[in-house]
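Line order of the protein sequences matches chains A and B. Letter by letter, the first sequence follows residues 1 to 310 of my numbering. Letter by letter, the second sequence follows residues 311 to 584 of my numbering. The C-beta atom is built at its ideal place from N, Cα and C for all residues, glycine as well. No experiment lies behind these values; they were computed from the predicted model shown. Here is the structure we will look at, set down as structure tokens.
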Amino acid sequence: MANNVNENDYISWDNLIYIADFLSASGENHVSLLGGEPLLHPQISSIIKYLNQRNLSVTIFTSGIMPIDRLQRFVAELNELQNLRVGFVCNVNEPRFSPKNELERVEQFLTLFANRTSLSFNIYRTDFEMTFLRDYIVRFGLDRHIRLGLAHPIPGKKNKYIPTNEFNSVKDKLIQFFTENQVFGIIPGFDCGFPMCMFSDEELGLMFKLSIGQLCFQCGPAIDIDAELNVWSCFPLSDFNKKSLFDFTTYGELAKFYLEKMEEVRSERRGIYPQCDDCQHNKHGLCSGGCLAHILNGFIEEGDFRRQEK
Amino acid sequence: MKKSGLTYIVDDLSLIRKNIIRDNSVVIKLSNPDDVVGVFQRYYGDYNIYQICLDLGFGSLSQIQFNNDWENIPLVIFAYNLGDLNYILNIVGLIQSCKIRVMQPASNKESYASLKILSSLGVDCGIFFDQEQADSEAFLDLASYYYMSPVPHASIEPFANIKENIHLDYNHSFDEVYFVDEKRFLYIHSEKEFSFLPQSKRLSIYLSDEDFEKEQVNFKLENYYGHFMELDQCSKCKAFKICNHKLSSSFNCDCQQTMAEVFEYAEISETVRR
């Protein structure tokens with residue numbers, strides 16, 4: 001559920017209740033709150049408590065950066081209740097690219113919410129460095145799971161992402177980091193969009209062990225809902241068949257709609273590499289052939305006709 | 311005076327005496343939340359307390375320090391708003407376990423979202439109409455939420471009452487939700503006086519059965535049949551069956567259209583339920 005720091009763009013209670021009803025009616029029991037920065041919402045603790053009361057556990061994707069007075073109030077309000085079902089995925093940047101005051105804020109957040117927080121790291125350049133993640137985990141006693149996201153293109157827009165021909169250099173660094181830090185019990189978790197063939201069979205075996213068997217190379221809908229109840233398949237595909245939540249009666253129906261739309265695209269091109277079309281692993285569903293955003297981006301370069309309301 | 315089966319409404323505790331209340335049930339009106347537990351404990355057992363009605367005026371629900379003593383008290387709270395939502399959410403489990411209905415004013419725009427929050431959390435609630443006009447669109451949105459929401463939630467008055475009685479083959483307004491129904495409630499003002507409405511003509515409590523029935527009929531003539539005698543707008547309204555003129559000046563736009571839509575929602579909802 002997306003928010004923005006603009007006061008007028010905060011999600012209304014009417015819409016929040018609609019979403020909670022929609023998820024409850026669909027038999028869902030979990031919701032993630034994304035940004036903007038969800039923790040800047042003036043009623044964020046009430047929203048968490050409300051969603052918990054509706055039997056929805058909450059994961060908040062946050063930068064961890066918020067004014068100290070808000071952070072203190074947030075901590076105090078959360079501590080008023082025990083057994084809250086809320087966790088944080090703190091998306092951190094490399095310290096070398098972060099201003100000092102921003103780092104201090106992140107560290108304050110990690111100190112206060114260590115027992116509820118795991119780290120997330122988005123790879124958007126090939127010269128990335130991950131040692132600081134281990135340092136954060138050890139220093140603050142965080143959950144030993146790191147969510148790894150590959151930055152993908154947003155079709156039709158200019159954004160920083162890793163081109164497919166540079167996946168190999170990313171892979172080498174990942175394998176090196178997680179092998180070196182196995183002793184700390186740090187477990188990688190791959191977000192969607194990694195193609196299986198970026199790893200050799202031997203590397204796959206190693207990563208299977210390092211990730212305690214949680215390797216996943218599928219790409220499917222991870223539905224986003226914004227404050228006005230617009231829905232789309234996932235962040236990189238935010239312009240791909242945007243619909244209204246009112247068009248659907250259950251989450252299953254919504255996910256099926258986007259899965260079918262994604263399949264329509266894949267019926268023309270199976271994956272991000274030419275060899276995906278004949279790949280057995282793709283046919284068997286082991287690998288989706290990378291992120292659909294790369295495929296759509298390729299279509300745009302060919303001309304607009306393919307993207308017209310797939 | 312014929313009074314068996316009637317509920318007496320009193321806001322003066324000194325009137326709660328056996329020679330006045332007799333065997334009738336009673337609604338006790340209070341304005342201070344600190345009095346609720348004490349008053350209930352004092353009169354419960356000796357009297358049939360139908361409900362305690364706590365009117366906070368412009369106060370907030372969150373100003374009440376709920377605790378386990380509130381659990382068995384049949385209570386309807388009229389509050390201007392929820393107040394500190396964070397506090398309400400901290401104690402919502404306790405509120406759920408109480409016999410509480412929370413009423414909020416239709417003229418406060420905040421009320422509509424607040425009532426959805428309460429209802430979706432399993433707390434009975436409702437909207438009441440004060441002197442100011444209500445936003446018809448927000449009222450209908452709340453009605454559609456109550457009647458059409460796909461997940462179970464607590465009742466919202468007056469919609470619940472309308473739905474419950476819509477199958478009746480006679481007109482039935484939701485008066486009883488607001489303790490105004492000449493067949494059910496009497497406002498007791500003193501040892502000697504009562505009225506059918508808080509502000510209506512005061513009558514002697516020593517009326518004979520026959521005279522009391524005449525007054526009931528007169529009251530009904532003024533408030534019900536009068537519309538048909540004068541052929542006013544209410545007499546032609548298709549929602550008269552559920553409204554009975556009660557909301558004729560309550561909205562910022564056409565009340566007939568608003569209440570007709572509520573009537574339709576309720577009919578659809580009841581049909582689906584059956």
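Task: Cα-Cα separation between Cys-565 (chain B) and Arg-73 (chain A), rounded to whole angstroms - done: 44 Å
Open item on the list: For Gly-27 (chain A), list the residues DSSP reports as bridge partners.
Closed with: In the DSSP output, where bridge partners are listed per residue, Gly-27 (chain A) has none listed.
Task: Proximal residues, the region 411–435 of chain B versus chain A, C-beta separation under 7 Å - done: Ala-423, Lys-426, Ile-427, Ser-430, Leu-431
Task: Three-way DSSP call (helix, strand, coil) for Asp-322 (chain B) in this model - done: coil
- [ ] Report the residues of the region 446–472 of chain B with a CB closer than 7 Å to any CB of chain A, ordered along the chain.
- [x] Ser-459, Pro-460, Val-461
TODO: Mind checking which residues open and close the beta strand (DSSP E) that includes Met-585 (chain B)?
DONE: What is shown of chain B runs 311 to 584, which leaves residue 585 (chain B) out entirely.
Task: Outcome for Asn-329 (chain B) when other beta-carbon atoms lying within 10 angstroms are tallied against a minimum of 16 - done: exposed
Open item on the list: Which residue wins for smallest C-alpha separation from Gly-205 (chain A), given the options A:Phe-97, A:Asp-226, A:Ile-175, A:Asp-21?
Closed with: A:Ile-175
Task: Cα-Cα separation between Pro-236 (chain A) and Leu-110 (chain A), rounded to whole angstroms - done: 28 Å
Open item on the list: For Gln-43 (chain A), would you say it is in contact with chain B, using Cβ-to-Cβ distances shorter than 8 Å as the test?
Closed with: yes
Task: Within chain A, the residues that Asn-400 (chain B) reaches when beta carbons sit closer than 8 Å - done: Lys-49, Glu-80, Leu-81
Task: Cross-chain neighbours of Asp-14 (chain A) in chain B, by beta carbon under 9 Å - done: Tyr-422, Ala-423, Lys-426, Asp-451, Tyr-455
Task: Chain-ordered neighbours of Ile-17 (chain A) on chain B, where CB pairs are closer than 7 Å - done: Lys-426, Ile-427, Ser-430
TODO: Measuring only between beta-carbons, confirm whether Asn-396 (chain B) sits less than 8 Å from chain A.
DONE: yes
Task: Cβ neighbours of Ala-453 (chain B) in the same chain (closer than 6 Å, five flanking residues each side left out) - done: Phe-469, Val-572, Tyr-575
Open item on the list: Closer than 8 Å is the cut-off here; do at least three beta carbon pairs connect the region 532–546 of chain B with the region 514–524 of chain B?
Closed with: no
Open item on the list: Do Leu-103 (chain A) and Phe-61 (chain A) count as a contact pair if the criterion is CB distance below 8 Å?
Closed with: no
TODO: Hey, could you find the ends of the alpha helix (DSSP H) His-499 (chain B) is sitting in?
DONE: Here His-499 (chain B) belongs to no alpha helix (DSSP H), and DSSP marks it neither H nor E.
Open item on the list: For Thr-117 (chain A), report the span of its beta strand (DSSP E) as first-last.
Closed with: 117–123
TODO: Spatial neighbours of Leu-254 (chain A) within its chain, please: CB distance less than 7 Å, with the 5 preceding and 5 following residues excluded, ordered by chain position.
DONE: Ile-223, Val-231, Phe-248
Open item on the list: If the cut-off is 7 Å on Cβ atoms, which residues from the region 255–266 of chain A count as contacting chain B, listed in chain order?
Closed with: none
Open item on the list: What does the Cβ neighbour count give for Gln-280 (chain A), buried or exposed, with the cut at 16 atoms within 10 Å?
Closed with: exposed
TODO: Name the two residues that bound the continuous alpha helix (DSSP H) containing Met-458 (chain B).
DONE: 446–458
Task: 8 Å Cβ cutoff, Gln-54 (chain A) in contact with chain B - done: One detail in the question is off: residue 54 (chain A) reads as Arg in this sequence, not Gln. So, interface residue.
Open item on the list: Assess contact between the region 436–446 of chain B and the region 458–474 of chain B, defined as three or more Cβ pairs (one per stretch) separated by less than 8 Å. Is contact present?
Closed with: yes
Task: For Gly-149 (chain A): DSSP bridge partner residues - done: A:Asn-122
- [ ] Mind listing the chain B neighbours of Ser-24 (chain A)? Cutoff is C-beta to C-beta under 7 Å, in chain order.
- [x] Val-461
Task: Inter-residue CB distance, Phe-489 (chain B) and Ile-319 (chain B) (contact presumed, cutoff 8 Å) - done: 6 Å
Task: Neighbour-count burial assignment, Lys-49 (chain A), 16 or more Cβ in a 10 Å radius - done: buried
TODO: Consult DSSP for Lys-511 (chain B) and reduce its assignment to one of helix, strand or coil.
DONE: coil
Open item on the list: Within 10 Å of its beta-carbon, does Met-458 (chain B) have 16 or more other beta-carbons around it, so buried, or fewer, so exposed?
Closed with: exposed
Open item on the list: I want to verify the contact list: residues of chain B whose CB lies under 7 Å from the CB of Glu-77 (chain A), in sequence order.
Closed with: Asn-396
Open item on the list: Would Ser-372 (chain B) and Gly-393 (chain B) be called neighbours here (beta carbons separated by less than 8 Å)?
Closed with: yes
TODO: Return no unless some Cβ of chain B is closer than 8 Å to the Cβ of Asp-21 (chain A).
DONE: yes
Open item on the list: Output needed for Gly-298 (chain A): all residues of its chain with C-beta closer than 6 Å, excluding positions within five of it in sequence on either side, in chain order.
Closed with: none
Open item on the list: Strictly below 7 Å CB to CB, what residues from chain B border Ser-46 (chain A)?
Closed with: Leu-395, Asn-396, Leu-399
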